[in-house]
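Participant: I'd like to ask some things about the structure below.
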Amino acid sequence: MGLPRPGFRTGLVLLLLALGGGLALLDLQDAPSPGPVPGGASGEPDYYLEDARLTRFDATGQPHQRLDTPRLTHTPHDDVTRLERPDGRLYDDSGRVWLASGDHGTLGAGGNPLTLTGDARLLAPAERWQLDTEILHFDADSGHAWSETPALLRQPPQRMRGERFDAWIHDNRARLTDNVRGHHPPDTREDPES
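Going by numbering that gives the first Met the number 0, the sequence shown opens with residue 0, and the numbers climb by one from there.
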């Protein structure tokens with residue numbers, strides 16, 4: 000005489016328990032754990048956010064700056080917000096969008112100015128020009144972007160290098176100064192009247 004054979008219901012319950020345990024184990028493995036709480040020379044943060052989007056509004060309530068970042072850290076002793084790989088959209092008075100990015104970024108006390116460091120870039124899609132530099136500052140209140148590190152300004156097919164760059168996005172003006180060198184190929188398009 001042997002052991003009694005388990006019934007259909009018992010087998011079904013055991014199968015469901017095993018399946019539920021397996022799914023719970025998979026769910027625990029898929030949940031990304033948050034990174035370590037940042038600290039260091041900048042002090043201990045009062046908060047940090049992951050996968051954050053910040054939007055600043057002007058005095059009339061219109062958005063004029065949006066920043067996306069995988070990680071944002073704020074330290075209260077200096078009221079500075081630090082950003083990892085920030086990707087920004089800056090809006091001028093005419094509604095044009097300017098794109099800004101860098102490896103790291105900081106927002107000064109009160110959220111201004113924005114400073115991008117490490118492969119910093121400012122892109123003006125409507126004007127088809129792009130600025131690449133190591134450190135880029137942007138004052139959202141005045142719409143002034145500037146770099147005091149060597150900069151490369153490209154507007155295909157032209158490109159220029161200089162030691163300092165200034166742009167006023169509300170006025171759609173840009174200036175490259177100090178030891179400026181450029182490549183300006185001649186226009187090879189045919190004259191339509193010939």
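Backbone N, C-alpha and C define an ideal beta-carbon position, used for all residues, glycine too. In this text, all values refer to a predicted model and were calculated from it rather than measured experimentally.
#1: Contact between the stretch 141-160 and the stretch 170-185 is defined here as three or more beta-carbon pairs at a separation below 8 Å; is this criterion met?
#2: Thinking C-alpha only, which one of Ala99, Gln129, Gln61 and Arg65 is nearest Thr54?
#3: Would you tell me roughly how many angstroms separate the C-alpha atoms of His73 and Asp50, rounded to the nearest one?
#4: Leu123 by DSSP, collapsed to three states: which one?
#5: Quick test of your reading: Leu89 and Phe137, contact by CB under 8 Å. State the CB separation rounded to the nearest angstrom.
#6: In three-state DSSP terms, what is Leu179?
#7: Which same chain residues end up closer than 7 Å to Ala125 when comparing Cβ atoms and leaving out the 5 residues on each side of it in sequence?
#8: What are the residues that DSSP puts in a beta bridge with Phe137?
#9: With contact counted as at least three CB pairs below 8 Å, one residue from each stretch, are the stretch 76-84 and the stretch 103-118 in contact?
#10: Quick one: what's got a C-beta closer than 6 Å to Leu16's C-beta in the same chain, skipping five residues either side?
#11: What are the boundary residues of the beta strand (DSSP E) that includes Ala166?
#12: Let me know the secondary structure DSSP gives Thr80 once reduced to three states.
#13: With distances taken from CA atoms, which of Ala173, Val12 and Gln157 is nearest His182?
#14: Around the Cβ of Leu11, are there at least 16 other Cβ atoms within 10 angstroms (buried) or fewer (exposed)?
#15: Quick one: residues in its chain with C-beta nearer than 6 Å to the C-beta of Leu113, no 5 flanking neighbours on either side, listed in chain order?
Facilitator: Reading it off the structure:
#1: yes
#2: For the purposes of this step, residue 54 is taken as the residue at position 55 of the sequence shown. For Thr54, the nearest C-alpha among the options comes from Arg65.
#3: Along the sequence shown, read from residue 1 onward, the residue named residue 73 stands at position 74. Along the sequence shown, read from residue 1 onward, the residue named residue 50 stands at position 51. Cα to Cα, His73 sits roughly 14 Å from Asp50.
#4: Taking the first residue of the sequence shown as 1, we reach residue 123 at position 124. Note that residue 123 is Ala in the sequence shown, not Leu. DSSP places Ala123 in strand when its eight states are reduced to three.
#5: Counting from one through the sequence shown, the residue named residue 89 turns up at place 90. Counting from one through the sequence shown, the residue named residue 137 turns up at place 138. Confirmed, about 7 Å.
#6: Against the sequence shown, residue 179 aligns to sequence position 180. At residue 179 the sequence reads Val, which differs from the Leu that was named. Reduced to three states, the DSSP call for Val179 is coil.
#7: Position 126 of the sequence shown, counting from 1, holds the residue named residue 125. Around Ala125: Arg95.
#8: Mapped onto the sequence shown, residue 137 falls at position 138. In the DSSP output, where bridge partners are listed per residue, Phe137 has Leu113 and Ala144.
#9: yes
#10: Counting from 1 along the sequence shown, the entry for residue 16 is found at position 17. The answer is none, since no qualifying residue turns up.
#11: Counting from 1 along the sequence shown, the entry for residue 166 is found at position 167. Start and end: Arg163 to Trp167.
#12: Within the sequence shown, residue 80 is the residue found at index 81, counting from 1. Residue state, collapsed to three classes: strand.
#13: Along the sequence shown, one-based indexing puts residue 182 at 183. His182 has its Cα closest to that of Gln157, out of Ala173, Val12 and Gln157.
#14: Along the sequence shown, read from residue 1 onward, the residue named residue 11 stands at position 12. By the neighbour-count rule (16 or more Cβ atoms within 10 Å), Leu11 is not buried but exposed.
#15: Here residue 113 refers to the residue found at position 114 when the sequence shown is read from its first residue. Excluding sequence neighbours, Leu113 sits near Leu106 and Phe137.
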